[in-house]
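Peer 1: Supplied in structure tokens, the structure appears directly below.
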Amino acid sequence: MPDNSRNSPRLIKKYSNRRLYDTHTSSHVTLSDLRQMVIDEIPFQIVDAKSGEDLTRSILMQIIQEAESDGEPIFSSDMLKGIIRFYGPFQGMLGSYLEKSIETVIDIQTQNGVQSSQAWTEFMHKQMPVMQDLMNQYVEQSKKLYLNTQNLFGLFGGIPPSKPDASNERKKDGNGE
72 MPDNSRNSPR LIKKYSNRRL YDTHTSSHVT LSDLRQMVID EIPFQIVDAK
122 SGEDLTRSIL MQIIQEAESD GEPIFSSDML KGIIRFYGPF QGMLGSYLEK
172 SIETVIDIQT QNGVQSSQAW TEFMHKQMPV MQDLMNQYVE QSKKLYLNTQ
222 NLFGLFGGIP PSKPDASNER KKDGNGE
């Protein structure tokens, strides 16, 4: 009998007492357990036990919040403020950008054959100054591209497209020099 546990998402039910119950293992789980499932790439879905509402995203945000509270956070206050500012017309663009960036880091990790998070952590600590410089260059390049595009289309009060001046109009009409 094939093992489908890796393919179909495990159902985790959240009860009103805030306890999480893994229906696959018939046991209660913690946010740490769910974090490990993410790391191990075990698919799961979290639903409210009473209403059936999908709570997966909300619980994943709790896991991130918990991880941010422990140790060295990924998100600085300025970065979080920047993310908040992007909600609205540009949140799709930022979400896509962040998703692609994370996928790129994961692809690099996979291609380099880094098997454990500990080895990856050690590698990143040694490469941190180089990576920070590369990321700063990348961010600066992205910023310039964004601002150039913004100015090109005259968005957001950027430099408006210039109107032909009167002397050019007279030349076209034959009234000019």
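Sequential numbering of the sequence shown, starting at 72, is according to the numbering used here.
All C-beta atoms in this analysis are idealised placements derived from N, C-alpha and C, irrespective of residue type, glycine included.
Keep in mind it's a predicted model, so treat the numbers as computed, not measured.
(1) So, do the stretch 77-87 and the stretch 107-122 have three or more beta carbon pairs nearer to each other than 8 angstroms?
(2) Could you tell me the boundaries of the beta strand (DSSP E) in which ARG81 lies?
(3) In whole angstroms, what separates the C-alpha of SER129 from that of ILE135?
(4) Starting from LEU115 and walking both ways along the beta strand (DSSP E), at which residues does that stretch end?
(5) Taking C-alpha atoms, which residue in LEU102, ILE110, ARG81, GLN107 lies nearest to THR96?
(6) Assuming contact is defined by CB atoms lying nearer than 8 angstroms, are PHE115 and ILE83 in contact in what I supplied?
(7) Under 8 angstroms by Cβ, that's how I've got LEU165 and PHE157 pegged, so tell me the actual separation to the nearest angstrom.
(8) Output needed for LEU102: all residues of its chain with C-beta closer than 7 angstroms, excluding positions within five of it in sequence on either side, in chain order.
(9) Which residues share a DSSP beta bridge with ILE98?
(10) Taking buried to mean at least 16 other C-beta atoms within 10 Å of its own C-beta, is GLU248 buried or exposed?
(11) Just tell me which of GLU211, GLY159, LEU223, LEU91 has its CA closest to the CA of THR127.
(12) Can we count ARG156 as close to the ligand GDP, meaning its CB is less than 7 angstroms from some heavy atom?
(13) Going by DSSP, what residue range makes up the alpha helix (DSSP H) through GLY166?
(14) Taking VAL100 and ASP111 to be in contact with their CB atoms under 8 angstroms, please state how far apart those CB atoms are, rounded to whole angstroms.
(15) Could you pull the DSSP bridge partners for ASP125 from this structure?
(16) Measure the alpha-carbon distance for SER98 versus ARG106 and round it to whole angstroms.
(17) Which one of GLY159, PRO160, ILE173, ASP125 has the shortest CA to CA distance from ILE145?
Peer 2: A quick look at the data gives this:
(1) yes
(2) 81-85
(3) 10 angstroms
(4) Looking at the sequence itself, residue 115 is Phe, so the reference to Leu does not match. Looking at the DSSP string, the run of the beta strand (DSSP E) that includes PHE115 is 115-119.
(5) ARG81
(6) yes
(7) 4 angstroms
(8) GLN133, ILE134, GLU137
(9) In the sequence as presented, Ile is not what sits at residue 98; that position holds Ser. DSSP lists ASP93 as partners of SER98.
(10) For GLU248, the predicted structure reports a pLDDT of 45, less than 50, and the residue's modelled location is therefore unreliable. The matter cannot be settled from this model.
(11) LEU91
(12) Looking for the ligand GDP in the displayed structure turns up nothing, as the structure carries no ligands at all.
(13) 162-182
(14) Rounded, the Cβ-Cβ distance is 13 angstroms, inconsistent with contact.
(15) VAL118
(16) 16 angstroms
(17) ILE173
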